[in-house]
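These notes are about the structure you will find just below.
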Amino acid sequence: MRISTLPSGSNERVVLRLLDRQAGRLNLEQLGMHPDVLSKVAELIGKPHGIFLVTGPTGSGKTTTLYAALGQLNNRSRNILTVEDPVEYYIDGIGQTQVNTKVDMSFARGLRAILRQDPDIVMVGEIRDLETAEIAVQSSLTGHLVFSTLHTNTAVGAVTRLRDMGVEPFLLSSTLLGVLAQRLVRRLCPHCKEPHEATPAERQKLNLSIDSPSTIWSPKGCDACNNSGYLGRSGLYELVVVDSEMQTMIHDGASEQKLEAAARKNTAGIRNDGVDKILEGITSVDEVMRLLREKELVPLEIHEVKDSGPKGSGLKISRGSMSSLDLALVTRQMATLLQAGTPLEETLGAIANQTSKKIVNRTMLGVRGKVVEGYSLADSLGQFPNTFPELYRATIAAGENSGHLDAVLERLADYTENHQAMQQKITSALIYPVLLTGIAILVVSGLLGYVVPQVVGV
């Protein structure tokens with residue numbers, strides 16, 4: 002049991018976390034991975050050296066997954082050492098060290114200490130800073146297999162996070178073996194779950210074709226599950242295997258969107274795993290949708306679009322375009338939100354929702370839709386060439402490739418605002434001479450059309 006206490010205004014807040022000792026004895030086959038993912042994970046952790054990461058939010062089962070991996074490798078012939086905060090489960094045959102800030106025993110210092118113990122496999126509870134990340138990288142380069150966790154929403158997000166910490170891309174590309182992202186969903190109670198035909202709305206949510214299985218299950222509630230409809234939990238997973246293509250992209254500083262698109266060529270995403278578990282009767286539509294909505298991987302609304310154009314024309318784009326003033330404002334908003342740490346998809350959605358102009362709303366929702374599909378921001382903006390000029394898109398692409406999109410957007414916002422201000426000054430400066438020219442033309446026309454003929458007639 003782990004206990005956390007916090008004094009508040011008039012009382013004491015206490016949170017209890019119950020730890021199941023059996024969770025530390027689970028093997029990888031019991032975690033609910035798809036057979037393809039399971040075989041790839043087993044292959045990755047069987048490598049002699051390198052870094053294998055598990056990512057996800059707090060409480061997503063990252064430590065349990067790492068314990069299962071260590072348990073599979075714990076055959077008494079390997080020296081396995083860990084640094085954890087805290088040690089949640091003790092495993093026979095593994096040397097486990099706990100972080101203690103009171104005596105200055107941090108992850109970095111603990112990792113340095115256990116590397117002097119001639120380990121074969123090292124597990125670091127979490128990579129929190131550049132120092133720990135650099136030691137982990139150097140450990141893998143010197144022949145150690147390193148396991149650790151990161152708090153990122155996606156598997157490829159781990160690459161971006163490590164680059165942001167300061168790990169050199171060439172080191173990352175040569176040491177990272179793979180990244181497993183995971184979430185936990187509640188399992189349907191096997192005693193009371195009820196099958197039913199998927200409704201049209203559920204088919205749309207799951208993106209099921211007409212030929213796909215249409216039977217899914219929903220919770221009911223019984224004594225076995227305390228009338229909750231759920232009993233136990235299962236994991237949803239997405240795996241990124243760092244193959245030669247991924248190594249090259251990481252080394253070259255490819256954007257997170259491009260890495261995501263490349264990763265999905267080889268393994269399915271976490272949304273696909275959720276759909277599979279729904280169709281297998283492991284969990285419900287509502288449970289998976291709740292989880293994925295937190296990652297913004299599902300549509301909030303679905304509308305039928307009547308296509309009056311040619312078939313296969315792709316994304317439907319309004320003929321109108323945003324004004325230069327709107328472009329300057331949108332660029333500044335993107336720069337501000339990204340610098341505040343807001344995810345790109347959420348940033349685009351927020352800009353679309355807060356505007357009162359339909360053209361801005363349609364444009365930003367269109368860009369967001371392409372980004373969610375895995376396209377880079379520059380490629381997504383390319384769907385609206387009348388609004389986003391080629392130079393603008395090229396600058397965005399440079400920011401994505403360098404990993405400094407927020408800084409590039411900040412400079413681009415300054416440029417677009419200055420450009421808009423200059424246009425306004427030029428327009429204002431031209432009003433007076435244009436007005437005088439117009440008056441002069443009218444006067445001359447009057448003279449030529451009326452006064453001169455009168456004089457000639459006399």
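In our numbering, the protein residues as written are 2 to 459. The beta carbon of each residue, even a glycine, is placed where N, CA and C say it ideally should be. Please read all numbers here as calculations on a predicted model, not as lab measurements.
Three-state secondary structure (DSSP) of residue i
i    : result
T150 : strand
I303 : Low confidence applies here, because I303 scores a pLDDT of 39, under 50, leaving its location unreliable and the question unanswered by this model.
I352 : helix
R184 : strand
K312 : Low local confidence applies: a pLDDT of 38 at K312 is under 50, so the model's placement there is unreliable, with the coordinate-based value given in what follows. DSSP places K312 in coil when its eight states are reduced to three.
H192 : coil
S446 : helix
S235 : strand
F53  : strand
T133 : helix
G179 : strand
P8   : strand
I397 : helix
E44  : helix
M323 : coil
E169 : coil
L32  : coil
H420 : helix
G283 : Checking the displayed sequence, the identity of residue 283 turns out to be Ile instead of Gly. DSSP places I283 in coil when its eight states are reduced to three.
R369 : helix
L142 : helix
R18  : strand
R3   : strand
Y451 : helix
L240 : strand
Enclosing beta strand (DSSP E) for residue i [first to last residue]
i    : result
E203 : Counting along the chain, E203 falls outside any beta strand (DSSP E), though it belongs to the alpha helix (DSSP H) covering 201-207.
T249 : T249 -> not in any beta strand (DSSP E); alpha helix (DSSP H) instead, spanning 245-252.
I128 : No beta strand (DSSP E) holds I128; DSSP gives it neither H nor E.
S219 : 216-219
Own chain partners of residue i with C-beta closer than 6 angstroms, once the 5 adjacent residues on each side are dropped
i    : result
L349 : M365, V368, R369
C223 : H192, C193
C226 : C190, L232
E203 : V286
A199 : S215, I217
G315 : With a pLDDT of 38 at G315, under the threshold of 50, the modelled position of this residue cannot be trusted, and the question is left open.
Supposed contact pair residue j and residue i - C-beta distance, whole angstroms, cut 8 angstroms
i    : j    : result
V242 : G179 : 5 angstroms
S5   : V16  : 5 angstroms
T284 : S235 : 6 angstroms
I279 : I217 : 6 angstroms
T59  : L27  : About 19 angstroms separates the two Cβ atoms, so there is no contact after all.
V373 : L292 : In fact, because the Cβ distance is near 16 angstroms, the residues do not count as touching under 8 angstroms.
Limits of the alpha helix (DSSP H) - the one that residue i falls within
i    : result
T161 : 158-166
S256 : S256 -> no alpha helix (DSSP H), and no H or E assigned at all.
R117 : No alpha helix (DSSP H) holds R117; DSSP gives it neither H nor E.
D380 : 378-382
Cutoff 7 angstroms; reference residue i; Cβ partners in own chain excluding five residues on either side
i    : result
R188 : Y231, L232, G233, R234, S235, I283, T284
A263 : E246, M247, M250
N387 : S322
L328 : T388, T417
L29  : L39, V42, A43, A69, A70, Q73
L382 : V368, F389, R394, I397
T332 : L410, L413, A414, T417
R129 : F108
Same chain only: Cβ atoms within 8 angstroms of residue i, ignoring 5 sequence neighbours per side
i    : result
N402 : D253, G254, A255, S256
T343 : A351
K41  : G179, L240, V242, T268
D121 : R79, N80, I81, H145, L146
D86  : Q99, V100, F108, G126, E127
M2   : L17, R18, L19, L20
Residue ranges of each alpha helix (DSSP H) run of no fewer than 4 residues wholly in the stretch 56-105, ordered along the chain? If you keep only unbroken alpha helix (DSSP H) runs of at least 4 residues inside the stretch 56-105, you get 63-74.
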